[in-house]
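Asks: Take a look at the following structure, please.
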Amino acid sequence: MLDNGNTSDASGEACASASVRVMIVDDAPSVRRNLRRVLEKEGYDVVCEAEDGDEAVNMAAEHKPDIITMDVVMKRVDGIAAAQEIKRKLPNTKIIMVTQRIMPSVLLQSIRAGAENFVHKPIDEAEIIAAMKKAVTG
Amino acid sequence: MKAEFLNPFINSVTHIIESTVGETPARGKIFLRGKYPYTTAGVVVMVGITGVLTGQVLLSLSEECAKGLAAKMLMEDVLFEFDEYAQSALAEMANMIAANATIGLSEAGYSCNITPPSVITGKQMEISCQEHIQTIVIPMECGAGNMELNLSMIETNLLASVSKERILHLKEKHA
């Protein structure tokens, strides 16, 4: 588990991916399934999935993940609003935004919301793994 | 339909299929649909276009082709059913094709948004558009089979005037 300050188990060191707790947020079941496979293959512990921003906020509070992969465009509460709310409650949770269009306005809003990194859709396995590793070590 | 509307979709469909399925599709001869209604293959994914342009993008393909593409997107060897995950994968593909195309449209001065994709399945489905909205078809072929990208779009500022003309025409016709 990362020393994310969200839990009582804070070792203070970057640990192996096996102990890193991840939440996947995306409204597309196929994207969630692919991300889970890729991350679990790399040894990450995918603790939960959410299909919209509202569910993501609730699940993050319950599971306190170390890293969240967050879709930007979703029904009801979008990824930017959800990231902002999660960061307010869990400031040390790392958030990787996943989006098709990294438009300047989306980039700016995501950074303001507290996102650490971005990856493009369609998701490239190497790109998401690199972003995860950066989140673990960074 | 102007070429500057079409080119972003040609570039996008090739790029997205390459990046999601891992192969470069062969593009067939682009053609204009002569009449409505037209009959689609068994699976249609529809994405609406709003903004400076109004219309929709329809990806039409057989269920076998849809399962073949979805299998690759879901990292499966084969899919026996066109289930929730397969439908979601195809919806994502159409969504990405349309979203990526809107970047090219924006660069050409046509700022547009897209609506969430809808997946429709059935047999001998007939699609009709308003007569003044042209449908351009981009046929594509890949290992999983053939598909068609149907683009039915019009500049939004023209839509109102064309619609008024059409209403007047219909009133005269039925007077």
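As you go down the protein sequences, you meet chains F and S in turn. The opening residue of the first sequence carries number -18 in our numbering; numbering runs sequentially from there. The opening residue of the second sequence carries number 149 in our numbering; numbering runs sequentially from there. Where a beta carbon is used, it is the ideal one built from N, C-alpha and C, also for glycine.
What residue from T202(S), M149(S), G176(S) and V226(S) has the CA that sits closest to C290(S)'s CA?
Replies: With distances taken between Cα atoms, C290(S) lies closest to G176(S).
Asks: Quick one: is A64(F) near chain S, going by C-beta distance under 8 Å?
Replies: no
Asks: If you follow the alpha helix (DSSP H) that P287(S) is part of, which residue opens it and which one closes it?
Replies: P287(S) -> not in any alpha helix (DSSP H); beta strand (DSSP E) instead, spanning T283 to C290.
Asks: Straight-line CA distance for M40(F) to S11(F)?
Replies: 20 Å
Asks: Closest by CA to R69(F), which one among V79(F), V87(F) and R93(F)?
Replies: R93(F)
Asks: With DSSP as the reference, label D33(F) as helix, strand or coil.
Replies: coil
Asks: How many Å lie between G60(F) and M78(F) at the Cα?
Replies: 8 Å
Asks: What are the uninterrupted segments assigned as alpha helix (DSSP H) that are 4 or more residues long and contained completely in the region 33 to 111 of chain F, given in chain order?
Replies: 34 to 44, 60 to 70 and 85 to 94
Asks: At which residues does the alpha helix (DSSP H) containing R17(F) begin and terminate?
Replies: P10 to K22
Asks: Determine the contact status of D147(F) and V3(F), defining contact as a CB-CB distance below 8 Å.
Replies: Residue 147(F) is absent from the model: chain F starts at -18 and stops at 119.
Asks: Who are the near neighbours of A31(F) in its chain, counting only those whose CB is closer than 6 Å to its CB and skipping five residues on each side?
Replies: V6, A37 and M40
Asks: Please report whether the beta-carbon of Q90(F) lies at a distance below 8 Å from any beta-carbon of chain S.
Replies: no
Asks: With distance defined between alpha-carbon atoms, name the residue in P72(F), G24(F), R14(F) and H44(F) nearest to E97(F).
Replies: Looking at the Cα atoms, P72(F) is the closest of the given residues.
Asks: By a C-beta neighbour count over all protein chains shown, 10 Å radius and 16 as the cutoff for buried, is F228(S) buried or exposed?
Replies: exposed
Asks: Which chain S residues sit within Cβ distance under 7 Å of V12(F)?
Replies: E240
Asks: For I48(F) and E106(F), what's the separation of their Cα atoms in angstroms?
Replies: 16 Å
Asks: With a threshold of 8 Å between beta-carbons, can A9(F) be considered close to chain S, or not?
Replies: yes
Asks: Let me know the secondary structure DSSP gives L201(S) once reduced to three states.
Replies: L201(S) falls in the strand class under three-state DSSP.
Asks: When you compare the CB of R82(F) with every CB in chain S, is at least one pair closer than 8 Å?
Replies: Yes, contact with chain S.
Asks: Using a 10 Å radius around the Cβ and a threshold of 16 neighbouring Cβ atoms, would you call A(-9)(F) buried or exposed?
Replies: No answer about A(-9)(F) holds up, because its pLDDT of 41 lies below 50 and its placement is not dependable.
Asks: Taking a Cβ distance cut-off of 8 Å, strictly less, list which residues of the region 13 to 25 of chain F are near chain S, in chain order.
Replies: R14, N15 and R18
Asks: Say whether the region 286 to 304 of chain S touches the region 199 to 216 of chain S, bearing in mind that this needs 3 or more beta-carbon pairs closer than 8 Å, one atom from each stretch.
Replies: Touching, yes, given that three or more Cβ pairs across the two stretches are closer than 8 Å.
Asks: Can you tell me which residues form a DSSP beta bridge with E179(S)?
Replies: Per the sequence presented here, residue 179(S) reads as Phe, with Glu not at that position. Looking at the DSSP assignment, F179(S) forms a beta bridge with V285(S).
Asks: Tell me whether the region 242 to 257 of chain S and the region 158 to 171 of chain S touch, counting them as touching only if at least three CB pairs, one residue from each stretch, are closer than 8 Å.
Replies: By the Cβ test, the region 242 to 257 of chain S is in contact with the region 158 to 171 of chain S, since at least three Cβ pairs between them sit closer than 8 Å.
Asks: I need the boundaries of the beta strand (DSSP E) containing S266(S), first residue and last residue.
Replies: S266 to T269 is the span of the beta strand (DSSP E), which, as asked, contains S266(S).
Asks: Can you find a CB in chain S that lies within less than 8 Å of the CB of K102(F)?
Replies: yes
Asks: In or out: E313(S) buried (at least 16 other Cβ within 10 Å) or exposed?
Replies: exposed
Asks: Might you give, ordered along the chain, the residues of its own chain that have their beta carbon closer than 6 Å to the beta carbon of H317(S), omitting 5 neighbours on each side?
Replies: none
Asks: Determine whether the beta carbon atoms of A239(S) and P265(S) lie at a separation below 8 Å.
Replies: yes
Asks: From T(-12)(F) to A42(F), what does the alpha carbon distance come to, in whole angstroms?
Replies: Because the pLDDT of T(-12)(F) is 48, which lies under 50, any placement of that residue in the model is unreliable, and the number read from its coordinates should be weighed accordingly. Distance between the alpha carbons of T(-12)(F) and A42(F) is about 11 Å.
Asks: Relative to the C-alpha of K220(S), which residue among K114(F), V87(F), R14(F) and K45(F) is closest?
Replies: R14(F)
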